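The block underneath contains the structure these notes are about, expressed in structure tokens.
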Amino acid sequence: MTTKLTTKRIWVGLAPLYLLLLAGCGNTEAELPAKAEEAPKPIAVSLVTAEERSVPSTLDVTGTLMADAQTDIASEIEQRVVEILVERGQVVSAGQVVARMDAKDATNQLQESEAAEAQIRERLGMVNGQPFDALKTPEVQQARATMDRAEADYKRFAQLIEEGAVSRSEHDLRRADYLATKAQYETTVNQMRQLYQSLLAQKVRVAMGRKAVEDTIIRAPFSGLIAEKAVSVGRYTKKGDRIATIVRVDPLRIELTIPEGAVAAVRKGQKVSFTVQSYPGRQFDGAIAYVGPAVRAESRALVVEAIVPNPKALLQPGLFATVRIELPATRPSVMVPAAAVKSDGGVFKLFIAKGDRAEARLVQVGREADGRLEILRGLAAGERVVSPQFPGLADGALIAAAQEAK
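Printed below as a string of structure tokens:
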């Protein structure tokens, strides 16, 4: 009886504590629905539709930059060098003086030839630019005057012999004088004509003398860069000896070897772009200027040349170039803005819109053209792509299209 009473008293004492625990549990269950009502907010993004576009295909080849022209500047005469006016690496223009030779001998020979020409002109009476006329030369006019006097005497004596005033011997003497002066006149005319031919020959000697003087001044045949300087002041050079080497570096040329499979797609005028190790990350442009007439049998390849503008002489002959040739488009490609694709360790990823959720896609990219990337795999035309990518956007994230980009 006593045990039952004790147990009853214990349960009565624990009852308030049990009610408090139930009250606390009831409050916790009341707060849970309030927290579950807080839904995530969608991320505002711009969407663009992936579309098919025809873009030029490309062919990657290698080549070596070459000078557009290269030549040795040589001496035209045998003479001593008195002045060198260029250094290796110097840029020169066409006609610029490169070196000077001793001009004393050439100048003396020119003066002698000019004096001989002047003497002949005086004999021929060709002064103040008068044209040649053999009958108007001083010697011919003098011979003509002598002949005219002899002719007049002969005619007078011919009349006197008819009148019987002079003897036959005197008449014959006058006749002989006239014939002699007439022959002398004709000889003088021929001599003046021969002398005129001598004048023409002397004019050639004068021209050669002037050229010899000009040849003592060595000039650049075209604008370019002095690659080598072969002589120094004081050296005696022979005709044909190299003075310097000049190369034309604007434009440059690239010789390219096109594989047989791409020969049909290469045409004159096609654009090329290339890079060199000297300027990493920088692209240079050019155009195909020459296409070989036939494929080489030993390599089964076609040789073409591209012209590359080089106005600031940034590029030098001999540089190795990696060249990309634009070929005509062969098929349409799926294109998206470049801002829609991100690279993470060489893996390219973009996001597409699936209803109100973002779906991550791993894609394989190709060429870039006009700010758009070619998607080779992982995306179909017509799918809506997030562009640009929103920072922190994850697969399955709730999105809302703020605008449809074009």
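When the sequence shown is numbered by my numbering, its final residue is 409 and no position is left out of the sequence of numbers.
The beta carbon of each residue, even a glycine, is placed where N, CA and C say it ideally should be.
Please read these numbers as outputs of a predicted model, since none were measured by experiment.
{"query": "Any 3 or more C-beta pairs closer than 8 Å across the region 104-114 and the region 150-160", "result": "no"}
{"query": "Counted within 10 angstroms of its Cβ, other Cβ atoms place K38 as buried (16 or more) or exposed", "result": "Residue confidence for K38 is low, a pLDDT of 48 falling below 50, so the modelled location carries little weight; the figure read from the coordinates is stated next. Result: exposed."}
{"query": "G385 classed as buried or exposed, judged by whether at least 16 other C-beta atoms fall within 10 angstroms", "result": "exposed"}
{"query": "Residues near D180 by beta carbon distance below 8 Å, same chain, minus five either side", "result": "A153, D156, Y157"}
{"query": "Boundaries (first-last residue) of the beta strand (DSSP E) holding G66", "result": "60-77"}
{"query": "Endpoints, the beta strand (DSSP E) within which Q82 is located", "result": "82-87"}
{"query": "Nearest-angstrom Cβ-Cβ length linking A342 and V89, presumed shorter than 8 Å", "result": "Rounded, the Cβ-Cβ distance is 52 Å, inconsistent with contact."}
{"query": "R360 versus L376: straight-line alpha-carbon distance, rounded", "result": "24 Å"}
{"query": "Three-state secondary structure assigned by DSSP to P312", "result": "coil"}
{"query": "Chain-order list of residues whose beta-carbon lies under 6 Å from that of V94 (same chain, five-residue window excluded)", "result": "L228"}
{"query": "A223 versus A72 - alpha carbon distance", "result": "13 Å"}
{"query": "Collapsed DSSP secondary structure at L228 in the structure displayed", "result": "strand"}
{"query": "Y282 (DSSP reduced to helix, strand or coil)", "result": "coil"}
{"query": "Stretch pair the region 229-242 + the region 77-87: three plus CB contacts closer than 8 Å", "result": "yes"}
{"query": "As assigned by DSSP and simplified to three states, the class of S57", "result": "strand"}
{"query": "Start and end residues, beta strand (DSSP E) containing R370", "result": "360-372"}
{"query": "Per-residue DSSP class, three states only, for E377", "result": "strand"}
{"query": "Buried versus exposed call for T140 [16 or more other C-beta atoms within 10 Å across all chains shown]", "result": "buried"}
{"query": "Per-residue DSSP class, three states only, for F351", "result": "strand"}
{"query": "Coarse secondary structure for G212, derived from DSSP in three states", "result": "helix"}
{"query": "Status (buried if at least 16 other CB within 10 Å, exposed otherwise) for F277", "result": "buried"}
{"query": "Closest Cα partner of D75 within the set P134, G374, P391, V101", "result": "V101"}
{"query": "E117, DSSP secondary structure in three states", "result": "helix"}
{"query": "Beta bridge counterpart(s) of T219 as assigned by DSSP", "result": "DSSP, once it has assigned bridges, lists no residue as partnering T219."}
{"query": "Separation of V339 from G369, as counted between CA atoms", "result": "11 Å"}
{"query": "Cβ-Cβ distance between A119 and Q187 below 9 Å", "result": "no"}
{"query": "Residues near V306 in its chain [Cβ-Cβ closer than 8 Å; skip 5 each side]", "result": "E258, L259, T260, I261, G295, R299"}
{"query": "Which listed residue (P254, T191, V279) has its alpha carbon closest to that of A290", "result": "P254"}
{"query": "Spatial distance of R270 from I328 (CA atoms)", "result": "10 Å"}
{"query": "Within 9 Å, strictly: CB atoms of M69 and R256", "result": "yes"}
{"query": "For I257: DSSP bridge partner residues", "result": "L68, A309"}
{"query": "Supposed contact pair V192 and V236 - C-beta distance, whole angstroms, cut 8 Å", "result": "Not really, about 55 Å apart at Cβ, beyond 8 Å."}
{"query": "Check whether L365 and F351 have beta carbons under 9 Å apart", "result": "yes"}
{"query": "Simplified DSSP assignment, three categories, for E386", "result": "coil"}
{"query": "N- and C-terminal bounds of the alpha helix (DSSP H) containing A153", "result": "141-166"}
{"query": "With 16 other Cβ atoms within 10 Å as the buried cut-off, status of Y3", "result": "This structure leaves residue 3 out entirely; the chain is present only between 4 and 409."}
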